[in-house]
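Per the working numbering, the very first residue in the sequence shown carries number 14; after that it's consecutive.
Report on the following structure.
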Amino acid sequence: MKPLLHPKFKLNGEAFPAAEDLRMRANHLLENGNDDEVAIGKFILEWLDENDFITVKTSGSTGTPKEIKLQKKQVFNSANATVTYFDLRENTKALLCLSSEYIAGKMMLVRGMIAGWDLHTTSPEKNPLENSDENFNFTAMVPYQVFHSLKDLHKVKKLIVGGGAVPLELEQQLQKVNTRVFATYGMTETISHIAVRPINGTEKSAIFSALPNVDFSLNEKNCLQIHAPEISEETVTTNDVVELISPNSFKFLGRIDNVINTGGIKVHPEAVEEKLSIYINQSFFIASEKDDALGERVILIIEGEKHVQLEDFSEAFETLSAYEKPKKIYFLPQFFYTETGKLMRTATVEMI
Numbered sequence: 014m015k016p017l018l019h020p021k022f023k024l025n026g027e028a029f030p031a032a033e034d035l036r037m038r039a040n041h042l043l044e045n046g047n048d049d050e051v052a053i054g055k056f057i058l059e060w061l062d063e064n065d066f067i068t069v070k071t072s073g074s075t076g077t078p079k080e081i082k083l084q085k086k087q088v089f090n091s092a093n094a095t096v097t098y099f100d101l102r103e104n105t106k107a108l109l110c111l112s113s114e115y116i117a118g119k120m121m122l123v124r125g126m127i128a129g130w131d132l133h134t135t136s137p138e139k140n141p142l143e144n145s146d147e148n149f150n151f152t153a154m155v156p157y158q159v160f161h162s163l164k165d166l167h168k169v170k171k172l173i174v175g176g177g178a179v180p181l182e183l184e185q186q187l188q189k190v191n192t193r194v195f196a197t198y199g200m201t202e203t204i205s206h207i208a209v210r211p212i213n214g215t216e217k218s219a220i221f222s223a224l225p226n227v228d229f230s231l232n233e234k235n236c237l238q239i240h241a242p243e244i245s246e247e248t249v250t251t252n253d254v255v256e257l258i259s260p261n262s263f264k265f266l267g268r269i270d271n272v273i274n275t276g277g278i279k280v281h282p283e284a285v286e287e288k289l290s291i292y293i294n295q296s297f298f299i300a301s302e303k304d305d306a307l308g309e310r311v312i313l314i315i316e317g318e319k320h321v322q323l324e325d326f327s328e329a330f331e332t333l334s335a336y337e338k339p340k341k342i343y344f345l346p347q348f349f350y351t352e353t354g355k356l357m358r359t360a361t362v363e364m365i
């Protein structure tokens with residue numbers, strides 16, 4: 014493994030001739046910074062310490078958040094794969110606008126430190142580019158940030174989006190920007206993303222392609238299995254149902270624990286949500302409830318006050334099959350979200 018700190022790494026314009034200089038800056042952030050800066054300082058110290066692992070928190074979107082240990086060698090390999098795939102060499106000017114409490118923010122720091130980036134940091138606000146006069150070669154955002162940053166994306170050359178599915182409406186809006194935008198697929202257990210797909214430009218695709226040294230297969234439930242020996246000694250089995258295109262590419266269909274069995278037909282909520290996203294301008298998702306005849310019936314849950322009826326969606330529902338069409342609409346004042354902004358489906362459904 015190469016050194017954990019590249020000699021050309023800069024943090025907010027400040028260079029660090031030696032690791033000890035960066036440790037001093039990290040300690041300063043710990044003592045004097047705001048919550049986001051404290052998280053950055055804490056992780057830098059962890060990355061540079063004598064342990065061969067780091068500790069990270071899972072998001073908790075599909076269960077109770079937990080802490081897991083990741084080997085630094087494997088974290089390095091993951092970061093290096095992204096650097097190589099997107100050609101982000103030394104002196105890349107990048108923006109960290111995600112919380113360093115979680116894997117996505119930590120990985121931006123690791124990429125910068127091992128590749129010698131000129132890394133700038135800002136709070137993980139909804140539009141982190143709004144008050145910046147700088148232009149960047151690279152950054153990572155969640156869909157919520159991308160949506161609120163559309164008018165400022167010209168400040169970024171390459172953007173990766175993770176932490177949740179990119180709504181179809183947002184994908185359509187991203188066709189109008191010059192920034193090269195990529196959706197990512199991954200999780201804490203795979204040390205951030207292991208696959209990407211271009212959202213816009215001439216190469217745009219619905220297919221995820223593997224990063225270097227990553228292969229895919231399916232288990233008996235058609236769920237994705239990830240073989241990535243450089244970042245995980247064991248095969249990672251997911252709960253994501255996919256269409257396997259090749260050993261290095263797939264199309265995401267939905268999570269198996271979200272699948273609705275209605276009248277013997279399996280409906281993937283994520284696929285229905287994608288079709289409806291251009292018609293509904295509020296936060297929403299597809300779920301199910303018990304039905305005597307069908308076993309389960311599809312329902313639509315919208316965040317906000319009730320102001321529409323089922324028949325008001327007749328045009329939108331024309332895009333759906335008979336089994337996909339929601340049989341009832343529920344309105345909730347507010348959904349449950351994780352600290353990183355991911356929808357907690359089960360907890361939200363339980364409010365009904």
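The C-beta atom is built at its ideal place from N, Cα and C for all residues, glycine as well.
Closest in alpha carbon position to F195, among D48, I204 and T215, is T215. Nearest Cα to T361 within the set A300, P339, R310 and L333: A300. Counting along the chain, the unbroken alpha helix (DSSP H) around Y157 starts and ends at P156 to H161.
When the five nearest sequence neighbours on each side are left out, the beta carbons in the same chain lying within less than 7 Å of the beta carbon of T152 are those of A107, L108, C110, V169 and L172, in order along the chain. Around F56, the same chain offers S113, K119 and L122 as residues with beta carbons nearer than 7 Å, after the five sequence neighbours per side are excluded. Per DSSP, A208 is one residue of the beta strand (DSSP E) stretching across S205 to P211.
In this structure, the alpha-carbon of L224 lies about 45 Å from that of E324. In this chain, the beta strand (DSSP E) harbouring Y343 covers K341 to L345. Apart from the 5 residues on each side of it in sequence, N47 sits with its Cβ closer than 8 Å to the Cβ of S136 in its chain, given in chain order.
When the Cα atoms are used, P30 and I53 turn out to be separated by approximately 19 Å. The closest CA to that of T95, considering only H206, F229, V285 and H320, is found on H206. If you draw a 10 Å sphere on the C-beta of T248, you find fewer than 16 other C-beta atoms in it, and that means exposed. CA-CA distance, E302 to R310, rounds to 6 Å.
Shortest Cα-Cα distance from D270 to any of K234, F330, D304 and K23 involves K234. By the neighbour-count criterion, in which 16 or more other beta carbons inside 10 Å mark a residue as buried, T97 falls on the exposed side.
Your pair L181 and E287 checks out as a contact, with CB atoms roughly 5 Å apart and the cut at 8 Å. V69 carries a strand assignment under DSSP once its states are collapsed to helix, strand and coil. Exposure of D62 is indicated by the presence of fewer than 16 other C-beta atoms within 10 angstroms of its C-beta. The C-beta distance from G129 to F22 rounds to 5 Å, short enough to meet the 8 Å contact threshold. Around the CB of S334, fewer than 16 other CB atoms lie within 10 Å, so the residue is classed as exposed.
Per DSSP, the unbroken beta strand (DSSP E) holding S301 starts and ends at F297 to D304.
As the crow flies, the alpha-carbon of A219 is around 44 Å from that of H41. An exposed status is given to G308, since fewer than 16 other beta-carbon atoms sit within 10 Å of its beta-carbon. Relative to A241, the option among E202, R36, D34 and F160 whose CA is nearest is E202. E337 is a Cβ neighbour of V285, given a cutoff of 8 Å. Distance between I204 and G176, taken at the CA atoms: about 13 Å. Secondary-structure assignment with DSSP links I81 through a beta bridge to V69.
The DSSP-derived three-state label of G118 is helix. Nearest C-alpha to L83 among E246, S162 and Q347: E246. Per DSSP, the continuous beta strand (DSSP E) segment holding H240 begins and ends at C236 to H240. Between L18 and the set Y292, I127, L35 and V179, the nearest pair of CA atoms involves I127. If the five residues before and after E143 are omitted, its C-beta is found closer than 7 Å to the C-beta atoms of D165, all from its own chain and listed in chain order. Within the DSSP bridge table, the entry for F263 names F221 and L257 as partners. The beta carbon of A39 lies closer than 6 Å to those of G54, I57 and L58 in the same chain, with the five residues before and after it left out.
Collapsing the DSSP output to three states places F229 in a strand.
Ranking E50, K264, M200 and P339 by CA distance to the CA of K70 puts M200 first.
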